[in-house]
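Chains as they are written, first to last, in our numbering: chain A, 1 to 275; chain B, 1001 to 1275; chain C, 2001 to 2258; chain D, 3001 to 3258; chain E, 4001 to 4307.
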Ligand SMILES: Nc1ncnc2c1ncn2[C@@H]1O[C@H](COP(=O)(O)OP(=O)(O)OP(=O)(O)O)[C@@H](O)[C@H]1O
Ligand SMILES: Nc1ncnc2c1ncn2[C@@H]1O[C@H](COP(=O)(O)OP(=O)(O)OP(=O)(O)O)[C@@H](O)[C@H]1O
Ligand SMILES: [Mg+2]
Ligand SMILES: [Mg+2]
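Structure, rendered in structure tokens:
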């Protein structure tokens, strides 16, 4: 705790060196195991496909995926598809975050409002929003706006509830402290509730981003001219499962990267603020 | 705290009576507002549809939904559809809970395993599983098993992560206490980790049930002969948007009821155990 | 004793209403706190001590009776009263300086003089070099001192301390209460301290108010006169009369473990 | 004093290794605890007191030196040693009886005699009527007594108490430590108590071990001889020598608030 | 084009070589020459395409006329009007797991066949054909209707069913992979039916009669062009509309449609074929009430365009 690592760096004892080596060895082992599993899986897949143990036409194979990737790249459409899906996801995510925050603040502000709306929130929360897909296009029309609406539908309520829970978990005593200074409700919001909820806000973002991806893919299934979801639909329409698998691989990488981005932000904020 | 309400019931002071009346009045107000909103929305909807402000063909109307409900009922298929979807949801939910618990225990048991698998879990967690729909059918075949697999795909990882988090949040000191008695790892699991995580297990169930509904609906979109998801698909195919809306209404009621069931269980357990 | 009392508790009663019933917390309590005085309040757990302080701070309205501060009835929190809670509740996302200025910020009194005064307090009580640190970098005792300075920064006429030291470990607690009592006497503040620790109550206060178990009634007020070499609580604990007071109050409280 | 010591700390050193560096927690500490003795350990925060107890309980291995209980080197937790933590950690989902039997259950010793013994303990110490209650229905003091009985149920030769009273409020704390000391002496147990509270250490113990700040070195061992009318800690506090010991140990600890 | 083009939003039910005349007209610039800029979206199902039309999201939709019949029968005032036809036969093929040169419908007896979703025209046509061949669906042959349209090929390849009805280019793709063999064309057995047609809301057609006419003129040229060119030429002309597609497959698919006589040569729908469509729907139990031809079909624009 109060140790200054910089000062002690030179003076590591033999035991400590051994401990550090042990930690390092374990870390390496884990890293090797992780990559090992990945490589083994890919190799097995490739092998199984090339020896026809499994049908590469159906299950595809790493080399076929690479090939598809390459041809998409040389056609110049790869980045367009990724870009469109990313754009929709980010718009949905940002809108969801902003609207979610606003709604959560409103519900925090008025206890009466929040109690009145409670049953509606439960229904909206538990309803599988996917079911609304078919009527959504009727109402919103087929276009990017429908995709983004789908995304919002899927992500908004979860985000609002996560954020509101965060607000309500802020220690009553911190709020009391502000009240002893005669703070207004707005000041309590600004000076305690919001800053104290930063960690829970970020963990809502982690859920929100996942939901946004789901929303965009569902949206693109319903209506789209381009994007990764479109590629999946198109690929299965013309039965190019390589294209489907390739899109899924890209999708999983993109989604994982975004999630990790927010997780990184989270660790940074928590480290920074020691909240 | 130590007051015995039974003893005091008769002896309420005037002030306390006034307070209780105030609480009651507020409760009534909220209840009135909730029903008021519902009724106003329904009335507005009906009015707008019958005056053709909105196109009842597209947006349906409460009376049309009631009519559809009635005709489904008299055809005798209403309960079949609801039953099938409920059955799939419950099977998916139970399987997801059991498998999720098993996996979460495995990951809790071996820290190394959990660290090795961590990046895979992140990818699986952030990937919108909906995207796997098209290849799922190729791999699993078309049938109820595909629906349940979809449900598991969607719910499992979230459930595992929720449960594992619950396990890891159990107070280190409670575990230490058991260690002072010389408890084995298995005893620690049985006697502290599992019972202490009951609340977080239940809150994982709340997420799991929501995800199961999504999974079943998505699954029924992909393959189905009956069920609420099927009704939605069929209804939109033959342009019976009333059927679509009716199914959505039934769906939202069923999902909300199930969610509330688990929430009730949660309140009961928390009240019971004062954990 | 002095001229006009700074705080007057006048025939205070408090009844809490909840769905599970009503709790009679305080029953007709009256006492005064004079300018420059240090009053401790002791009483069994849950008897209504915090309730009394909350009413003085304007956070609660008594069901009956009134609290006056500086002759005016208390309606809502004002800068006349500084309230210090059990935990320091420093905000982790603010530096020590920003934490200290919190009250002024809320009360929209961030004038250069006030900021200056806060800086001077930090300086006087050995925290100047930590002004740009974050709370987690400070020890528990230092944090509690920061919390006191945050309260002093709004320049209250009276300080209310609700078990302000009980979150600290024993040795730190002795040292911190010594220091804080020094600061309070130094800044010539009036203070009311709620505590469970009888020794702490006696060693810090000019008077000790003993309350009965719930509903809190005034049981006794002890005027503490100790023949000690200094005003420091640690010194005062060594006074010969200390044990006398302790035994009397201990008996008065009549602690029985349920 | 007595024959063979029950616990022997032999030249114990402990170094913690973490990624951010190494922490030298305990440095060559040796002392013995004899059968039937009550030893208190005091020392500054974070000096390594809990570390010492953990080693005696077999939860930790010293980097150097060894701890012997009943002449055998401690390797892992055994039923010879009962460990009591700061909080009671009663399990909310178990009744009081089930909580008390927890240790026996884990050690697979749920024999009728052992169960009987536990029931008798509950009965003797006034908890029989609460045996089927749940922990949240008990007061803090009662819960702490249950925690002690849970520890006594496994029939340890020695009890290790790590700040076992510090989560209680002051008055309850005095009363509970009085009671528990009574129980321990009644059951003729040997005990080691870690505490920050010097008065508590003196009032309960036959000997007080004072440790230096980290790395913990043995500073001094005080044999406490008080001329008190009874063994009760509250009575012992009134002994004339009490203040003497307090002042000596207070000085020895040299508390300075950072 | 230099002059200002009118943008026309067209929603097609799916993206398929089946609609080659449309892509030919697009890629050869016929629409532009009529002053039209086509903004094409893929509905992925008649329900969604129809929805796009009804909600004004699309000006014109390309899909099966049955969607218009459903909407008309639901009592919608401003119902869609069919203005031009593209295909005149079912475009799906029965595929089996083995090549079968002398396929006989009787060989389906006792087997399982993957059809389309209930209520969709492919499924209804299939059942109609089966019945006409003396096979009663559900008794003599089991028809699986539980699989989403996009996924039938996957399910078949994954081992479900003995036969499946597949569209192009999937049938050709599977055939070239040796996963499935085309044994019969449903369209050949069903006779002529209006299978895919352009439709727009009545109000839209009334307000934009000029645009509709120009659209149909360009389409008619596309139909004429496809009719008079070889499959290879067609493949080349439509290739830009099919990303990542194999010219050979496009050509073989085009060949197959030519062989089965799937494409209309003009946009004009005949009342005969419309009647057959309603027969099919009626026999599937999906038609509540027959719709008069002249209520739903307006050939006047197509006829004008042909002049
Ligand atoms: N907001 C409230 N609503 C209902 N009852 C309350 C409320 N606040 C306190 N009480 C009850 O009033 C009584 C007195 O509470 P108070 O907090 O003033 O006691 P205290 O003497 O400060 O207790 P402690 O020693 O535990 O700090 C308690 O029984 C408590 O349960
Ligand atoms: N598992 C551990 N890993 C690394 N360092 C540790 C560990 N446990 C304790 N320490 C460090 O060792 C030192 C002594 O810890 P210990 O808990 O024994 O002190 P203590 O005297 O019981 O403190 P306290 O008075 O706060 O209870 C502290 O500086 C602590 O940070
Ligand atoms: Mg209090
Ligand atoms: Mg400790």
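By construction, the Cβ of each residue, glycine as well, lies at the ideal position given by its N, Cα and C atoms.
Asked                                                                                                                                                                                  : Found
Is residue 2194/C near ligand 1, in the sense that its beta carbon is under 8 Å from a heavy atom of that ligand?                                                                      : yes
Classify residue 2170/C as buried or exposed, calling it buried when 16 or more other Cβ atoms lie within 10 Å of its own Cβ.                                                          : buried
Quick one: which residues of the region 13 to 26 of chain A get their C-beta closer than 7 Å to a C-beta of chain D? List them in chain order.                                         : 13, 15, 16, 19 and 23
Please specify which runs of the alpha helix (DSSP H), each continuous and at least 4 residues long, are wholly inside the region 2132 to 2206 of chain C, giving them in chain order. : 2140 to 2153, 2170 to 2186 and 2198 to 2204
Can you tell me whether residue 3197/D sits near ligand 4, meaning its C-beta is under 8 Å from at least one heavy atom of the ligand?                                                 : no
Residue 253/A: which of 1119/B, 1270/B, 1106/B and 1187/B sits nearest, CA to CA?                                                                                                      : 1119/B
Hey, quick one: how far does the alpha helix (DSSP H) through residue 155/A stretch, first residue to last?                                                                            : 144 to 169
Residue 1142/B and residue 4114/E - do their beta-carbons sit closer together than 9 Å?                                                                                                : yes
Taking the straight line between their C-alpha atoms, what separation do you get for residue 235/A and residue 1101/B?                                                                 : 36 Å
If we count Cβ pairs, one from each stretch, closer than 8 Å, do we get three or more for the region 3083 to 3098 of chain D versus the region 3129 to 3137 of chain D?                : yes
Using a Cβ distance threshold of 8 Å, determine whether the region 4046 to 4059 of chain E contacts the region 4164 to 4184 of chain E, with at least three qualifying pairs required. : no
Please list the residues of the region 1179 to 1193 of chain B that have a C-beta atom closer than 8 Å to any C-beta atom in chain D, keeping them in chain order.                     : 1179, 1180, 1181, 1182, 1183, 1187, 1191 and 1192
At 4 residues or longer, what runs of the alpha helix (DSSP H) sit wholly inside the region 4231 to 4261 of chain E?                                                                   : 4231 to 4238 and 4247 to 4259
Could you work out which residues of chain C lie near residue 56/A, taking near to mean beta carbons separated by less than 7 Å?                                                       : Here the premise fails: no neighbours, minimum Cβ distance about 54 Å.
Does the Cβ of residue 3075/D lie closer than 8 Å to at least one heavy atom of ligand 4?                                                                                              : no
Output, in chain order, the set of chain B residues within a Cβ distance shorter than 7 Å of residue 3103/D.                                                                           : 1181
Spatial neighbours of residue 4234/E within its chain, please: CB distance less than 8 Å, with the 5 preceding and 5 following residues excluded, ordered by chain position.           : 4020, 4024, 4226, 4250, 4251 and 4254
Which value, in whole angstroms, describes the spacing of the CA atoms of residue 260/A and residue 46/A?                                                                              : 28 Å
Verify the contact flag: residue 2050/C, CB atom, against every heavy atom of ligand 3, threshold strictly below 8 Å.                                                                  : yes
Cβ of residue 1173/B within 8 Å of any heavy atom in ligand 4?                                                                                                                         : no
In angstroms, rounded to a whole number, what distance separates the CA positions of residue 2978/D and residue 3060/D?                                                                : Residue 2978/D lies beyond the range of chain D shown here (3001 to 3258); nothing can be said about it.
To which residues does DSSP link residue 1109/B through a beta bridge?                                                                                                                 : DSSP lists no partner for residue 1109/B.
Can you determine whether any heavy atom of ligand 3 sits closer than 8 Å to the C-beta of residue 2162/C, and answer yes or no?                                                       : yes
What residues in its chain sit with their C-beta under 6 Å from that of residue 3166/D, if we drop five residues either side in the sequence?                                          : 3086
Are residue 3216/D and residue 3029/D closer than 9 Å when you measure CB to CB?                                                                                                       : yes
Is DSSP giving residue 2028/C helix, strand or coil here?                                                                                                                              : strand
Does the region 4063 to 4074 of chain E come close enough to the region 4282 to 4291 of chain E to have 3 or more Cβ pairs within less than 8 Å?                                       : yes
Taking C-alpha atoms, which residue in 1078/B, 1124/B and 1202/B lies nearest to residue 248/A?                                                                                        : 1124/B
Nearest by alpha-carbon distance to residue 4037/E: which of 4045/E, 4022/E and 4044/E is it?                                                                                          : 4022/E
Mind pulling the chain A residues with CB within less than 7 Å of residue 3019/D?                                                                                                      : 23
Going by C-alpha distance, which of 3040/D, 3116/D and 3176/D is nearest residue 3195/D?                                                                                               : 3040/D
If you measure between the beta carbons of residue 241/A and residue 116/A, is that distance less than 9 Å?                                                                            : no
Is any beta-carbon of chain C found at less than 9 Å from that of residue 173/A?                                                                                                       : yes
Roughly how many whole angstroms lie between the Cα atoms of residue 2240/C and residue 3246/D?                                                                                        : 15 Å
Look at the Cβ atom of residue 216/A, then the Cβ atom of residue 88/A, and state whether they are nearer than 9 Å.                                                                    : yes
Rounded to a whole number of angstroms, what is the C-alpha to C-alpha distance between residue 3006/D and residue 2237/C?                                                             : 37 Å
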